[in-house]
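Mapping of the sequence shown onto UniProt numbering: position 130 corresponds to residue 130, and the numbering continues sequentially without gaps. To keep things clear, I will list the structure first and then write my remarks on it.
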Amino acid sequence: MRNDSGPQAYGELIETLREAPVRDLAWLLLSADLLSAARFPAALAHFNVEPVFPSQILHDWLLACDADPVPLHEMLARGESHRLGRYAEQLLHFALLHSPHFDLHAAGLQVRDARRGNMTLGECDFLLTRLADRQLLHWELAVKLYLFVPPETPQTSNTFDERALQFRWLGPNLADSLADKVARLLGHQLRLTTLEAARSALPAEGPWSPQVYLKGWLFHPLGQEGRLPQAVSEGHGRGWWATLDAWWSHAQSASPHQAWAMLPRARWLAPARVDASAVLSLDAMRARIETHWYERGVAEPLLIVALRGGAGEGADGAWFECERGFIVPDFWAPRARHRIEELSERADAAARRALAQSADDAPSL
Numbered sequence: 001m002r003n004d005s006g007p008q009a010y011g012e013l014i015e016t017l018r019e020a021p022v023r024d025l026a027w028l029l030l031s032a033d034l035l036s037a038a039r040f041p042a043a044l045a046h047f048n049v050e051p052v053f054p055s056q057i058l059h060d061w062l063l064a065c066d067a068d069p070v071p072l073h074e075m076l077a078r079g080e081s082h083r084l085g086r087y088a089e090q091l092l093h094f095a096l097l098h099s100p101h102f103d104l105h106a107a108g109l110q111v112r113d114a115r116r117g118n119m120t121l122g123e124c125d126f127l128l129t130r131l132a133d134r135q136l137l138h139w140e141l142a143v144k145l146y147l148f149v150p151p152e153t154p155q156t157s158n159t160f161d162e163r164a165l166q167f168r169w170l171g172p173n174l175a176d177s178l179a180d181k182v183a184r185l186l187g188h189q190l191r192l193t194t195l196e197a198a199r200s201a202l203p204a205e206g207p208w209s210p211q212v213y214l215k216g217w218l219f220h221p222l223g224q225e226g227r228l229p230q231a232v233s234e235g236h237g238r239g240w241w242a243t244l245d246a247w248w249s250h251a252q253s254a255s256p257h258q259a260w261a262m263l264p265r266a267r268w269l270a271p272a273r274v275d276a277s278a279v280l281s282l283d284a285m286r287a288r289i290e291t292h293w294y295e296r297g298v299a300e301p302l303l304i305v306a307l308r309g310g311a312g313e314g315a316d317g318a319w320f321e322c323e324r325g326f327i328v329p330d331f332w333a334p335r336a337r338h339r340i341e342e343l344s345e346r347a348d349a350a351a352r353r354a355l356a357q358s359a360d361d362a363p364s365l
């Protein structure tokens with residue numbers, strides 16, 4: 001049995017794996033949670049259920065998947081692998097089908113309300129039994145990357161409460177915030193198996209224990225420490241973000257890294273392993289970013305990684321990620337601050353509507 005420490009064993013394993021989807025699978029199963037088990041108000045899900053981390057069975061299975069990735073590739077080919085969230089669902093689905101510790105009953109189970117025209121109320125990501133204690137589990141999976149947007153007046157960040165602080169962690173495309181995801185998990189997704197409309201669709205009567213399976217990366221402003229909400233774990237995956245000019249100035253004067261690469265969206269999960277043919281110098285990395293923005297006709301956030309050479313560095317050697325960061329256009333931060341206000345106001349309006357609805361539904365005396 002393995003005696004390595006968790007982070008060390010995980011790091012050694014992820015560097016051993018060569019196939020990108022298998023690396024993503026290992027990251028999804030073994031990387032640190034984005035949320036704190038001690039401070040988040042809902043239970044967290046864990047795939048590695050044995051006291052050894054990673055278990056020998058899981059360690060050997062991942063190596064076997066890397067040696068023969070055809071079954072994993074075939075499963076991914078049947079789904080929406082171009083969407084990061086769906087891709088992660090396929091990876092976890094594959095793992096649960098092969099796990100000796102869980103019995104998977106359903107994946108992506110639609111919950112509809114027959115009393116409201118069969119309207120879809122939501123989707124239960126995974127319904128399973130943990131074989132060790134026969135407990136029925138309802139897992140909600142999400143993979144998120146959030147960037148901390150400091151206020152224009154930095155000292156005001158000390159006045160933010162937990163909810164306001166969660167709103168300041170935004171996705172790179174500004175579609176949602178950590179506050180939105182937490183609210184949806186607690187207020188809707190984790191409650192699906194308790195709804196009357198779900199009873200006929202569930203594979204067993206229950207009760208089902210809802211658990212959050214949330215993985216991801218948090219990106220702090222380059223050279224700064226973004227303020228973390230209490231709900232976030234200290235061991236979260238960490239990166240930085242900066243404008244092109246700010247990163248360029250920093251990298252020229254302070255960065256020891258001689259090799260860089262840009263990651264396509266499909267490779268945003270696991271720490272990168274990059275073929276020598278795709279490695280760029282610092283100058284070439286900047287040129288690649290500028291060319292990408294010019295050809296797309298729009299400047300969008302781009303994820304880049306600094307690399308170090310592996311033991312086999314050379315013409316055929318692989319390079320490994322040692323840090324990652326988003327390069328954002330100059331207008332991104334002002335838009336992000338405006339978006340924080342929009343998302344917060346929208347959430348407040350939704351809360352007022354829910355309160356009014358509950359008051360209308362309350363029986364009169």
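Glycine residues also receive a C-beta, built at the ideal position from the N, C-alpha and C atoms. Note that the structure is a prediction, hence the values are computed from the model and not measured.
Is residue i near residue j, with beta carbons less than 7 Å apart?
i: W260; j: A306; result: yes
i: R39; j: Q230; result: yes
i: F148; j: H220; result: yes
i: L44; j: C124; result: no
i: L136; j: W208; result: yes
i: I340; j: W247; result: no
i: L170; j: A336; result: yes
i: S177; j: L35; result: no
i: P203; j: A142; result: no
i: A179; j: F160; result: no
i: A26; j: L62; result: yes
For residue i, which of helix, strand or coil comes out of DSSP?
i: E342; result: helix
i: V182; result: helix
i: L214; result: strand
i: T153; result: coil
i: G206; result: coil
i: A259; result: strand
i: V70; result: helix
i: A349; result: helix
i: A272; result: coil
i: R23; result: helix
i: A107; result: strand
i: G312; result: Residue placement at G312 cannot be trusted, given a pLDDT of 49 that sits under 50; the coordinates are not used to answer.
i: Q224; result: coil
i: G235; result: coil
i: A37; result: coil
i: F102; result: strand
i: G187; result: helix
i: H138; result: strand
i: L174; result: coil
Could you give the distance in angstroms between the alpha-carbon of residue i and the alpha-carbon of residue j?
i: L128; j: Q211; result: 11 Å
i: A299; j: A287; result: 14 Å
i: M119; j: D113; result: 5 Å
i: E19; j: L96; result: 19 Å
i: K215; j: R163; result: 20 Å
i: P256; j: R78; result: 42 Å
i: D133; j: F47; result: 15 Å
i: P172; j: D68; result: 34 Å
i: H338; j: R130; result: 44 Å
i: E234; j: K144; result: 16 Å
i: A315; j: T16; result: Only weak support exists for where A315 lies, its pLDDT of 42 falling under 50; the value from the coordinates is given anyway. One C-alpha to the other measures close to 19 Å.
According to DSSP, which residues form a beta bridge with residue i?
i: F160; result: Partner(s): none; F160 has no beta bridge.
i: Y146; result: L218
i: M119; result: D113
i: G79; result: In the DSSP output, where bridge partners are listed per residue, G79 has none listed.
i: C65; result: In DSSP, C65 forms no bridge with anything.
Residues in its own chain within less than 6 Å of residue i by CB, not counting five upstream and five downstream?
i: E152; result: none
Ordered along the chain, which non-local residues of its own chain (more than five positions away) have a Cβ less than 7 Å from that of residue i?
i: D24; result: L91, L269, A270
i: A109; result: The question names Ala, but residue 109 in the sequence shown is Leu. Only E123, C124, L127, A201 meet the Cβ criterion.
Using a Cβ-Cβ cut-off of 8 Å (strictly less than) and excluding sequence neighbours within five positions of residue i, which residues of its own chain qualify?
i: L104; result: H93, L96, L97, F126, L127, L128
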